[in-house]
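The opening position of the sequence shown corresponds to residue 48 in my numbering, with each subsequent residue numbered one higher. Heads up, the beta-carbon is just placed ideally off N, CA and C, and yes, glycines get one too.
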Amino acid sequence: AYIGLTSISHRLMVYFRHMKRNIKYRKAFLLDCLFLYRLRNQPETYKYFRNNFPVGFLEHLKWFIKLMIGRSGKHLFIIKLNNERVGQIRFDKIGKNGAEISISILKEYKKKGVMSSIFFNVSREYLINNPPIKNLYAHIKLNNIASIIFFDKMKFKNIGRKGSELVYLKNRDEITNLLK
48 AYIGLTSISH RLMVYFRHMK RNIKYRKAFL LDCLFLYRLR NQPETYKYFR
98 NNFPVGFLEH LKWFIKLMIG RSGKHLFIIK LNNERVGQIR FDKIGKNGAE
148 ISISILKEYK KKGVMSSIFF NVSREYLINN PPIKNLYAHI KLNNIASIIF
198 FDKMKFKNIG RKGSELVYLK NRDEITNLLK
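Encoded structure:
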């Protein structure tokens with residue numbers, strides 16, 4: 048009985064801790080450039096990128112300006128916890144009806160449930176505002192265990208391997224119908 052009470056009290060503590068969190072998202076804007084630069088250049092983050100090395104600020108700034116003027120086919124959302132920027136979710140259009148999803152979060156907020164709490168809300172908004180997009184894809188390096196676990200948890204389907212990456216897929220209807 049004692050073990051059961053400990054388990055229940057632990058679950059209640061975790062539940063109430065999550066209730067206190069104020070997790071929100073918004074589209075990125077110019078003032079996010081420095082935050083995104085810091086996030087992008089965390090070794091824990093870039094080691095899983097295709098370009099797995101730090102970038103200089105000017106290179107980042109050029110990329111960010113192109114993204115902000117809307118000619119890149121990318122849509123970027125900032126994730127905030129208690130009004131503090133902690134991560135990003137980006138959608139890159141691929142082909143006529145697909146988008147690749149990319150997520151990153153500051154190292155001190157990893158494995159805290161922040162992305163799990165907001166992921167489908169952000170994805171749903173993106174899909175509603177981009178009707179041609181029918182599928183979301185995640186390309187994950189084989190050694191990125193945290194992302195593999197995350198996309199499995201989000202019920203993305205592992206559809207195979209492409210080079211050194213696993214490819215995950217989720218259909219638009221699975222997301223847009225989920226939160227109705």
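Name, in chain order, the residues that DSSP records as bridge partners for residue i.
i: H122; result: F138
i: Y184; result: E147, L216
i: K38; result: The shown model of the chain, from 48 to 227, leaves out residue 38, and the question about it has no answer.
i: I152; result: G134
Quick one: grab the DSSP three-state call for residue i.
i: R73; result: strand
i: I195; result: helix
i: I168; result: Note on residue identity: the sequence assigns Asn, not Ile, to residue 168. Helix, per DSSP.
i: I190; result: Per the sequence presented here, residue 190 reads as Asn, with Ile not at that position. N190 falls in the coil class under three-state DSSP.
i: I222; result: helix
i: K157; result: coil
i: N176; result: helix
i: M201; result: coil
Between the options, which has its C-alpha nearest residue i's C-alpha?
i: G117; options: G103, K127, F138, V169; result: F138
i: L86; options: K158, I141, I152; result: I152
i: E295; options: I222, R219, I180, P90; result: With the chain covering 48 to 227 only, the question about residue 295 has no answer from this structure.
i: R208; options: I192, I187, F198, N176; result: I187
i: N191; options: T223, R219, V214; result: V214
Between which two residues does the beta strand (DSSP E) carrying residue i extend?
i: I206; result: 204–209
Just curious, the alpha helix (DSSP H) that residue i is in, first and last residue?
i: M115; result: 104–115
i: R97; result: First-last for R97: undefined, no H or E at that position.
i: L78; result: Taken as a continuous stretch (DSSP letters only), L78 belongs to no alpha helix (DSSP H), as it is neither H nor E.
i: P90; result: 90–93
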